[in-house]
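The number in the numbering used here is simply the position in the sequence shown, starting from 1, with 86 added.
Here a beta-carbon is modelled for each residue, glycine too, at the ideal position from N, C-alpha and C.
All of these numbers come straight from a predicted model, not from anything done at the bench.
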Amino acid sequence: MTPTTPDPTAASADALADDLAFALRLADAADAVSMARFDAADLDVQLKADASHVTEADLATERAIRDLLSAERPADGVLGEEYGATGDARRQWIIDPIDGTANYLKGIPMWATLIALAVDGVPEVGVVSQPAIGRRWWAAAGRGAWTNVPGETAPRRISVSSIDDLAHSSISFQSLHQWDEVGRGEQLLALSRRVWRDRGYGDAWPYMLLAEGRLEFVAEFGVKEYDIAAHVPIVTEAGGRFTDIAGAPSVSTRSSLATNGILHDTFLELLSRNGGDE
Ligand code: IPD
Ligand code: CA
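If you want it as structure tokens, here you go:
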């Protein structure tokens, strides 16, 4: 390519860098709202139609993000857990204002704000902000996955582990109840016998531990797009693989499987076995 020919790849990479910088500003705005009410004795909590909880902070945080989106990205679509879908643009911001509401309302610091930008349904920018523990992770397609580390001034680039032996792997399963509900309780037990460690770290955090190379497997069921879209660029830019439980590269099929990549097919094979067959 001659120097005078515009490079469309470079232009879109620059646009994505702008979108990532903007997503980080959205996370700053979200953190200010969510942290102001975290562990408040008089937090307003309601039940939604699906019997899950929603707090005043879930609603206010999503509104703060949407206000900035309307002001600075008015042409883009938005899908948020609390206020639904608006617009039908090819570019869609996918937001979970508070992922881990059950933890938030109990004053447990394992909750996060999830912000993704999907283009034609593919998440290309992801930010996971977990302000109650002072941590944040972010990525954009082709630009690596990064995190802040308290006490370090520069962001740290992260990557998944190189563990290739199931017997040395560490898995996180979200909750026993979730696996049992979809008839996979025995399968999880069988899996736990094959690996080094199993723990239910919960919500967004285990995906980030995986992207940092501290776990090899996270899987869950019943997840919506806004529960997982932000994780996809972070896990994949860290060198991992993200699919649904059947191996399809989709965030809309209500299940997720994130791994360090090397062990993905091994886990898929184990998850395709009936019940707890070993
Ligand atoms: C929940 C979390 C949890 C997942 C549930 C979600 P919420 O989100 O993502 O990890 O297992 O399916 O509903 O309701 O706390 O935003
Ligand atoms: Ca939520």
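On the DSSP bridge assignment, give the partners of ASP182 in chain order.
Looking up residue 182 in the sequence shown gives position 96. ASP182 pairs with LEU200.
Closer than 7 Å to a non-hydrogen atom of ligand 2 - does that hold for the CB of GLU142?
As a position in the sequence shown, residue 142 is number 56, starting the count at 1. Because no heavy atom of ligand 2 lies under 7 Å away, the Cβ of GLU142 does not count as near it: no.
Taking GLY186 and ALA290 to be in contact with their CB atoms under 8 Å, please state how far apart those CB atoms are, rounded to whole angstroms.
Locating residue 186 in the sequence shown gives position 100, where the first residue counts as 1. Locating residue 290 in the sequence shown gives position 204, where the first residue counts as 1. 7 Å between Cβ atoms; contact.
Within the same chain, show all residues whose beta-carbon is closer than 7 Å to that of ASP162, passing over the 5 residues directly before and after it, in chain order.
Against the sequence shown, residue 162 aligns to sequence position 76. Correct list, in chain order: LEU155, GLY173, ALA175, ARG177, GLN178 and TRP179.
Would LEU252 pass as a contact of THR329 if the rule is Cβ separation under 8 Å?
Locating residue 252 in the sequence shown gives position 166, where the first residue counts as 1. Locating residue 329 in the sequence shown gives position 243, where the first residue counts as 1. It is not a contact, given that the beta carbons lie outside the stated cut-off.
Hey, how far is the Cα of ALA324 from the Cα of TRP232?
Against the sequence shown, residue 324 aligns to sequence position 238. Against the sequence shown, residue 232 aligns to sequence position 146. Whole-angstrom Cα-Cα distance: 8 Å.
On the three-state DSSP scale, how would you describe LEU343?
Along the sequence shown, one-based indexing puts residue 343 at 257. DSSP places LEU343 in strand when its eight states are reduced to three.
For LEU133, does the three-state DSSP call read helix, strand or coil?
Sequence index remark: in the sequence shown, residue 133 carries index 47 (1-based). If DSSP states are grouped into helix, strand and coil, LEU133 belongs with the strands.
Using the three-state DSSP reduction, which class does THR172 fall into: helix, strand or coil?
As a position in the sequence shown, residue 172 is number 86, starting the count at 1. Three-state result, THR172: strand.
CB-CB under 7 Å to SER245, same chain, minus the five flanking residues each way: which ones, in chain order?
Within the sequence shown, numbered from 1, the residue matching residue 245 stands at position 159. Cβ neighbours of SER245 beyond the five flanking positions: GLY299, ALA324 and GLY325.
Under three-state DSSP, which class holds THR147?
What you label residue 147 is simply residue 61 of the sequence shown in a count that begins at 1. Helix, per DSSP.
Residue ranges of each beta strand (DSSP E) run of no fewer than 3 residues wholly in the segment 194-256, ordered along the chain?
Correct list: 198-205, 208-216, 221-226 and 231-233.
Should SER41 be counted as a contact of ligand 1 given a C-beta to heavy atom distance under 7 Å?
Since the first residue shown for the chain is 87 and the last is 364, residue 41 is missing from the structure and cannot be characterised.
Could you tell me whether the Cβ atoms of LEU165 and ALA171 are closer together than 8 Å?
Within the sequence shown, numbered from 1, the residue matching residue 165 stands at position 79. Within the sequence shown, numbered from 1, the residue matching residue 171 stands at position 85. Result yes, Cβ atoms of LEU165 and ALA171 sit closer than 8 Å.
Quick check: TRP224 and LEU102, are their CB atoms within less than 8 Å of each other?
The residue you call residue 224 lines up with position 138 of the sequence shown. The residue you call residue 102 lines up with position 16 of the sequence shown. Result no, Cβ atoms of TRP224 and LEU102 do not sit closer than 8 Å.
Would you say the beta carbon of ILE194 comes nearer than 7 Å to a heavy atom of ligand 2?
For the purposes of this step, residue 194 is identified with residue 108 of the sequence shown, where counting begins at 1. Incorrect: ILE194 has no Cβ contact closer than 7 Å to ligand 2.
Just verifying my parser: in three-state terms, what is the DSSP assignment at ALA305?
Here residue 305 is taken as the residue at index 219 of the sequence shown, counted from 1. Strand at ALA305.
For ligand 1, any of its heavy atoms closer than 7 Å to the Cβ of VAL119?
Translated into the one-based positions of the sequence shown, residue 119 becomes position 33. No; taking the cut-off as 7 Å, the Cβ of VAL119 has no heavy atom of ligand 1 nearer than that.
Quick one: give me the first and last residue of the alpha helix (DSSP H) that ASP330 is part of.
As a position in the sequence shown, residue 330 is number 244, starting the count at 1. Note, ASP330: premise wrong, no alpha helix (DSSP H); not H, not E.
Just confirm the distance between the C-beta atoms of GLU311 and ILE257, as a whole number of angstroms; I'd bet it's less than 8 Å.
Looking up residue 311 in the sequence shown gives position 225. Looking up residue 257 in the sequence shown gives position 171. Not confirmed; about 24 Å, so no contact.
Of the residues PHE307, ALA127 and TYR293, which one's Cα is nearest the Cα of SER261?
Residue 261 sits at position 175 when you count from the first residue of the sequence shown. Nearest option by C-alpha distance: PHE307.
Going by the C-beta, is ILE184 closer than 7 Å to any heavy atom of ligand 2?
Residue mapping note: residue 184 aligns to position 98 of the sequence shown, counting from 1. Answer for ILE184: yes, Cβ within range of ligand 2.
Per the DSSP calculation, LEU356 is bridged to which residue(s)?
On the sequence shown, position 270 is the one that residue 356 refers to. The partner list for LEU356 (beta bridge, DSSP) is empty, contrary to what the question assumes.
By how many angstroms is the C-alpha of PHE124 removed from the C-alpha of PRO292?
Mapped onto the sequence shown, residue 292 falls at position 206. Mapped onto the sequence shown, residue 124 falls at position 38. Distance between the alpha carbons of PRO292 and PHE124 is about 21 Å.
Any heavy atom of ligand 1 closer than 7 Å to the CB of ASP289?
Residue numbering aside, residue 289 sits at position 203 when the sequence shown is read from its first letter. At least one heavy atom of ligand 1 is nearer than 7 Å to the Cβ of ASP289, so yes.
Classify GLY286 as helix, strand or coil using the three-state DSSP reduction.
Position 200 of the sequence shown holds residue 286. Of the three classes helix, strand and coil, the one that applies to GLY286 here is coil, per DSSP.
CA-CA distance, LEU277 and ASP250?
Translated into the one-based positions of the sequence shown, residue 277 becomes position 191. Translated into the one-based positions of the sequence shown, residue 250 becomes position 164. Cα-Cα distance, rounded: 16 Å.
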